[in-house]
Structure formats: structure tokens, C-alpha cells
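Residue numbers (the working numbering): 4 to 195.
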Amino acid sequence: MDLKKLGWLLLACLFSVSAQAAYQLDSTQSTLNFISIKKDNIAETHSFKLLSGSIDDAGTANVIIDLISVETTIPIRNERMKSLLLETDSYPTATANVTFDADALAGITQGQSSVLAATLTLELHGHSKEIALDLRVTGIEQGSLLVTPTQPILINAFDFALETGIQQLMEVAKLPSISTAVPVTFSLIFTP
């Protein structure tokens, strides 16, 4: 191989390394849960099983939530949530984006924890909303980061045009009420 080709190969390798994300979401260890409340006082915990995402070198975190992976522990309810509420044929994913101070992230070492104020942008069901929150970022083994909210995040169905779907769920399940405000929590592990 001549020197010119070797130089181009080295340049391509350097570019591809710099374009990679600083951290990748470990979907096998990460969770996203929400609580629904029906009949005024019956609360049930649900989750989304498929998550992907990354944090880039600038500190921007992007998490993609596969809405088709909703898990309520009742198969018919899973299907109803996908078709009536989330309309996964039209909106198969939701995305959450947060920009961290890259220097603050880089300074978190194993065993250290910091609470970082952030603005989360949630894109769901064709709508977008910014949500102010505090995130606890903890350094764990092998340079990984654990990211959790310091308190549950309240998602309002009206902010994402989900109220019609909630009404349809109430009708098909013959329920007198389903809350339109849903507490959400997550535990995300990002690996270098």
C-alpha cells in the first residue's frame, strides 16, 4: 500500500472514531416505567421494554423509546394501548433529548454522583414539549453512567394529544376514569 492510500485510510479511521458517541445506552440494564391510574384509585405500573440511545461528545443525550414495546402485563391491554392510545402505526417511537454540560459529565467518576438541572425535550405522538427536571448522574463501574430523575416526571396527555385515546380506552374497557396525568421514572445506564 502506498503512503497516499495509507494516509487516507488513517484519516478515515480518525474521522469515524470522532463521529462515534461518547456513551451508548445499555438497553439490557435500562428501564422506563410509568404508572396509570384508573377508577380514581387503582394504580398500575407499566414499562417500555425497548430503548436505545446515546450521549455524544458535546453532552447531548438522545433516547429513543420503542412504543410498540409497551408492557402492561396484560396482552390485550398492550394491544389496546398501542392501537388506541399511542397509535403506533403512525407514531412507533418517542424521543427524549437532554443536553448536559459535557465538562460536568466528564468530571463524574466511579462512585461520584451529581444532580444536574436539565431541560428534557419529549417528542411523542407528533407533539413536542420541554420539561425542566433535575437528573442524578452517577459514575458506576467501567466508566459507565447511571442517569435517573430526582423525582417522577409528570406527563400530561393533553400536551401530546392523547386524550382521545384515553377516552377510547375507557370506553372499550368500560372504565369510569383513567387519569390523564402519568408519573414517569427511568433508570438509564450509558456505557463508554
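Glycine included, C-beta positions come from ideal geometry on N, C-alpha and C. Since the structure is predicted, the reported quantities are computational estimates derived from the model, not experimental observations.
Find out if the Cβ-Cβ distance for the pair residue i, residue j is shorter than 7 Å.
{"i": "residue 51", "j": "residue 71", "result": "no"}
{"i": "residue 111", "j": "residue 140", "result": "yes"}
{"i": "residue 99", "j": "residue 136", "result": "no"}
{"i": "residue 32", "j": "residue 143", "result": "no"}
In its own chain, which residues sit with a C-beta less than 6 Å from the C-beta of residue i, not counting the 5 before and 5 after it?
{"i": "residue 40", "result": "46 and 182"}
{"i": "residue 190", "result": "34 and 151"}
{"i": "residue 113", "result": "142"}
{"i": "residue 168", "result": "87 and 88"}
Within the same chain, show all residues whose beta-carbon is closer than 7 Å to that of residue i, passing over the 5 residues directly before and after it, in chain order.
{"i": "residue 56", "result": "28, 64, 65, 66 and 67"}
From the DSSP output, read off the bridge partner residues of residue i.
{"i": "residue 28", "result": "193"}
{"i": "residue 50", "result": "36 and 74"}
{"i": "residue 91", "result": "Looking at the DSSP assignment, residue 91 forms no beta bridge with any residue, so it has no partner."}
{"i": "residue 184", "result": "159"}
{"i": "residue 55", "result": "67"}
Taking the alpha-carbon of residue i as reference, which of the options has the nearest alpha-carbon?
{"i": "residue 116", "options": "95, 152 and 85", "result": "152"}
{"i": "residue 127", "options": "106, 121, 101 and 160", "result": "160"}
{"i": "residue 195", "options": "84, 147 and 171", "result": "147"}
{"i": "residue 120", "options": "154, 59 and 177", "result": "154"}
For a minimum of 3 consecutive residues, which ranges assigned as the beta strand (DSSP E) are wholly contained in the stretch 109-182?
116-127, 130-142, 148-152 and 156-159
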